[in-house]
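Each remark here refers to the structure printed beneath this line.
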Amino acid sequence: MQDQFQTNNYCWGCGRENEYGLGIKSYWTGAEGVCVWQPKPYHAAGPRNVVNGGIIATLVDCHSACTAMAAAHQAEDREIGSWPPIWCATASLHVDYLRPARVEAPVELRAWVEKMGERNVVVTCLVSSEGEECARGEVVAVRVQPDWAKEG
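Residues 418 to 569 (our numbering) are what the sequence shown spells out, left to right.
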């Protein structure tokens with residue numbers, strides 16, 4: 418989805434224009450957002466084999482916001498990336514950490530809309546690695562003005 422959204426997305430987690438960011442790539446299936454992301458050794462927590470919890474929270478945040486935007490496009494029967502852009506920003510983020518995600522293994526995210534209002538979208542996101550659920554998150558994303566990501 419990130420490659421389909423409008424330009425000026427410099428987000429550290431999902432912005433395609435941030436060369437130093439996580440560079441996650443989310444895909445919309447029509448029912449949910451899916452993402453597979455491979456951690457690097459420098460994404461570790463205290464133990465070098467465990468992904469940092471802040472990284473996990475960022476993955477949930479960004480993937481869920483992108484899922485909210487994709488669902489908003491679908492609700493309006495529009496292609497992702499069509500004009501005017503639909504942008505959502507995170508209003509709240511809650512993450513429950515269930516078990517460590519290992520740095521050596523891909524991290525998988527699946528997110529879906531629980532509730533869609535006129536401006537707010539509630540998204541649930543599951544984070545798993547090596548076939549085990551590692552975290553569960555809930556994001557309330559709020560729709561912002563189309564020029565929200567405009568430079569200046």
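Don't be surprised by glycine CBs; every beta carbon is placed ideally from N, CA and C.
Check                                                                                                                                                                   : Outcome
Tell me the residue span of the beta strand (DSSP E) that contains A489.                                                                                                : Run containing A489: none in the beta strand (DSSP E); it sits in the alpha helix (DSSP H), G470 to A492.
Can you list, in chain order, the residues of its chain with a C-beta nearer than 7 Å to that of A462? Leave out the 5 residues immediately preceding and following it. : V468, N469 and G470
How big is the Cα-Cα spacing for Q491 and M533?                                                                                                                         : 12 Å
Go ahead and label W500 buried or exposed: buried means 16 or more other beta carbons lie within 10 angstroms of its beta carbon, across all protein chains shown.      : exposed
Given this structure, state the Cα-to-Cα distance separating C431 from C505, to the nearest angstrom.                                                                   : 13 Å
Going by C-alpha to C-alpha distance, which of R516, L510, L439 and N425 sits closest to H460?                                                                          : L439
Provide the residue span of the beta strand (DSSP E) that contains N537, from first to last.                                                                            : N537 to S546
What are the residues that DSSP puts in a beta bridge with W500?                                                                                                        : The partner list for W500 (beta bridge, DSSP) is empty, contrary to what the question assumes.
Quick one: using the 10 Å Cβ neighbour count with 16 as the cut-off for buried, is I436 buried or exposed?                                                              : What sits at residue 436 in the sequence shown is Glu, not Ile. Looking at its Cβ environment, which holds fewer than 16 other Cβ atoms inside 10 Å, E436 is exposed.
From what residue to what residue does the beta strand (DSSP E) around G554 run?                                                                                        : E549 to V561
Are A508 and N537 closer than 8 Å when you measure CB to CB?                                                                                                            : yes
Under DSSP, the beta strand (DSSP E) around V530 begins and ends at which residues?                                                                                     : V524 to M533
Candidates T475, P464 and H480: which alpha carbon is nearest V451's?                                                                                                   : H480
With S443 and C483 assumed to form a contact (beta carbons below 8 Å), what rounded beta-carbon distance in angstroms separates them?                                   : 4 Å
Quick one, are the C-beta atoms of L526 and A474 less than 8 Å apart?                                                                                                   : no
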